Amino acid sequence: MAWVIILSFLFVHSQHKELTLAESMAETKKEQQKMESLLTEIQQSLEHQNYDEVGLSFSFQEHLLTVQVKDQAFLDQNEKKIKALINDIAKEKKIDSFKIQLESLETYHAISEEDKKLNDLVNEVSKIVSESLHEKGYYINAMMIDPRTPNPSIEIRIEETEEYYDKVKDDIQQLVSNAVFSKTKINFQVKITRKSENDIRDEKWQPIFSTIREETEKKFEEYEGFAYSFHPEPLQIIIKTDLQKSKWPWNSNKKAKQIVKYVDEIIELKREELSVEVLPYKVIIRGKNNKQVNESSVRN
Numbered sequence: 030m031a032w033v034i035i036l037s038f039l040f041v042h043s044q045h046k047e048l049t050l051a052e053s054m055a056e057t058k059k060e061q062q063k064m065e066s067l068l069t070e071i072q073q074s075l076e077h078q079n080y081d082e083v084g085l086s087f088s089f090q091e092h093l094l095t096v097q098v099k100d101q102a103f104l105d106q107n108e109k110k111i112k113a114l115i116n117d118i119a120k121e122k123k124i125d126s127f128k129i130q131l132e133s134l135e136t137y138h139a140i141s142e143e144d145k146k147l148n149d150l151v152n153e154v155s156k157i158v159s160e161s162l163h164e165k166g167y168y169i170n171a172m173m174i175d176p177r178t179p180n181p182s183i184e185i186r187i188e189e190t191e192e193y194y195d196k197v198k199d200d201i202q203q204l205v206s207n208a209v210f211s212k213t214k215i216n217f218q219v220k221i222t223r224k225s226e227n228d229i230r231d232e233k234w235q236p237i238f239s240t241i242r243e244e245t246e247k248k249f250e251e252y253e254g255f256a257y258s259f260h261p262e263p264l265q266i267i268i269k270t271d272l273q274k275s276k277w278p279w280n281s282n283k284k285a286k287q288i289v290k291y292v293d294e295i296i297e298l299k300r301e302e303l304s305v306e307v308l309p310y311k312v313i314i315r316g317k318n319n320k321q322v323n324e325s326s327v328r329n
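First residue of the sequence shown? That's 30 in my numbering, and the numbers climb one at a time after it.
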């Protein structure tokens with residue numbers, strides 16, 4: 030099993046000084062790198078101890094390391110040993126203040142014969158497609174195969190210019206369809222797609238959204254969640270809080286304005302760091318009962 034990090038981080042401010050935003054972002058990155066290093070070493074140590082079927086995930090928000098094992102019997106027999114191993118490595122790296130929980134995946138090996146056949150077919154089709162495209166000099170970015178009847182399908186993603194996509198999509202579709210049918214005798218519907226400009230824009234902004242979540246949570250105790258939407262335009266950045274909408278506008282908007290200003294600063298810093306295009310956006314602060322507590326305006 031691989032390990033996964035949920036990039037959301039709860040941070041306690043230094044008692045000695047308030048960090049600047051840039052310092053806070055650097056501190057977050059440093060803490061994430063330390064935890065990534067810890068998880069890598071734990072995973073390697075588990076494999077060295079022949080715990081190959083153990084997976085790790087870590088939530089910075091909860092400071093919780095979750096260890097997933099194949100079944101309850103394995104958990105009962107090895108829980109203390111695994112916890113001791115993790116604690117020893119964390120102690121060596123001087124990383125503490127996180128909780129450990131172990132959970133079993135009872136259905137880890139519960140795969141039916143039908144599912145096994147479908148998995149084998151996916152692997153076979155994937156190999157046929159890759160080899161046939163490579164032979165003709167075509168390179169793709171992603172492929173999704175659904176072998177289930179009555180409508181088995183293959184979707185191939187090309188991340189090239191629109192001109193290139195229009196030029197090769199029909200050739201690739203025909204090539205893949207023929208190659209797969211000739212070797213499996215199954216008529217897959219083959220669809221060739223191209224990543225849209227909206228998809229590309231969304232991907233470029235994901236690191237910015239992650240930083241907004243991390244840094245706003247660190248800075249404001251009122252923070253309760255984050256959301257965003259590109260539709261309708263302009264981009265809407267939504268910060269969920271426990272703020273109560275007040276009868277007195279100048280009072281209720283004070284904290285909301287601080288949050289909006291902080292989000293603006295985060296976006297400016299990350300955009301410059303990543304060289305991401307400027308997009309018009311709104312920052313919407315929602316309080317209790319999901320009510321908007323600020324007057325949002327479009328920012329550029």
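Note that the Cβ used here is the ideal one computed from N, Cα and C, for glycine as well.
In this text, all values refer to a predicted model and were calculated from it rather than measured experimentally.
- Assigned with DSSP and collapsed to three states, LYS224 falls in coil, not helix or strand.
- Collapsing the DSSP output to three states places SER141 in coil.
- For THR95, the enclosing beta strand (DSSP E) has its first and last residue at 93 to 98.
- Around the beta-carbon of GLY316, 16 or more other beta-carbon atoms lie within 10 Å, marking it buried.
- In the three-state DSSP reduction, ASP125 falls in the coil class, being neither helix nor strand.
- About 7 Å separates the beta carbon of LEU114 from that of GLN78, a gap short enough to meet the 8 Å contact definition.
- Taking the C-beta atoms as reference points, ILE241 is found nearer than 8 Å to VAL292.
- DSSP places GLN265 inside the beta strand (DSSP E), whose first and last residues are 264 to 270.
- For ILE314, the closest alpha carbon among the candidates LEU298, ILE288, ARG300 is that of ILE288.
- Beta-carbon to beta-carbon, LEU67 and LYS122 are separated by about 6 Å, close enough to satisfy the 8 Å threshold.
- The beta strand (DSSP E) runs of length 3 or more contained entirely in the segment 170 to 228 are, from start to end of the chain, 171 to 175, 182 to 187, 218 to 223.
- Between ASN318 and GLU76, the alpha-carbon positions lie close to 47 Å from each other.
- Sequence-distant partners of GLN202 (beyond 5 residues in either direction) whose C-beta falls short of 7 Å from its own C-beta, in its chain, are VAL219, ILE221.
- Pairing ASN329 with VAL205, the inter-Cα distance amounts to about 45 Å.
- For the pair PRO309 and LEU264, the CB atoms are nearer than the 8 Å cut-off.
- It is roughly 13 Å from the alpha-carbon of GLU232 to the alpha-carbon of GLU188.
- Per the C-alpha coordinates, the member of ILE295, TYR193, SER141, PHE210 positioned closest to GLN235 is ILE295.
- Closest in C-alpha terms to LEU93, from the list ASP81, LYS59, TYR80, GLU132, comes GLU132.
- Rounded to the nearest whole angstrom, the CA to CA distance from ASP125 to ARG230 is 38 Å.
- Taking THR213 as reference, the option from LYS311, GLU56, ASP105, LYS146 with the minimal CA-CA separation is LYS146.
- If you draw a straight line from the Cα of TYR167 to the Cα of MET54, it is about 41 Å long.
- The closest CA to that of ASN107, considering only TYR193, ASP81, ARG223, TYR252, is found on ASP81.
- Here the alpha carbons of THR245 and SER239 stand approximately 10 Å from one another.
- Going by C-alpha positions, THR190 is about 35 Å away from ILE268.
- As summarised for the segment 66 to 92, the continuous beta strand (DSSP E) elements at least 3 residues long and confined to that stretch are 84 to 88, given in chain order.
- VAL327 is classed as exposed because its beta carbon has fewer than 16 other beta carbons within 10 Å across all chains shown.
- Distances from the alpha-carbon of PRO179 to those of ILE215, SER211, ARG186 put ILE215 closest.
- Taking C-beta atoms under 8 Å as the contact rule, TYR252 and THR270 qualify, at a distance of about 6 Å.
- In this structure, the beta-carbon distance from SER161 to PHE217 does not fall below 8 Å.
- For MET172, same chain residues with a beta-carbon under 6 Å away, outside a window of 5 residues either side, are ILE185 in chain order.
- For PHE255, the uninterrupted beta strand (DSSP E) run begins and ends at 252 to 258, by DSSP.
- Around the Cβ of LYS299, a 10 Å sphere holds 16 or more other Cβ atoms; the residue is buried.
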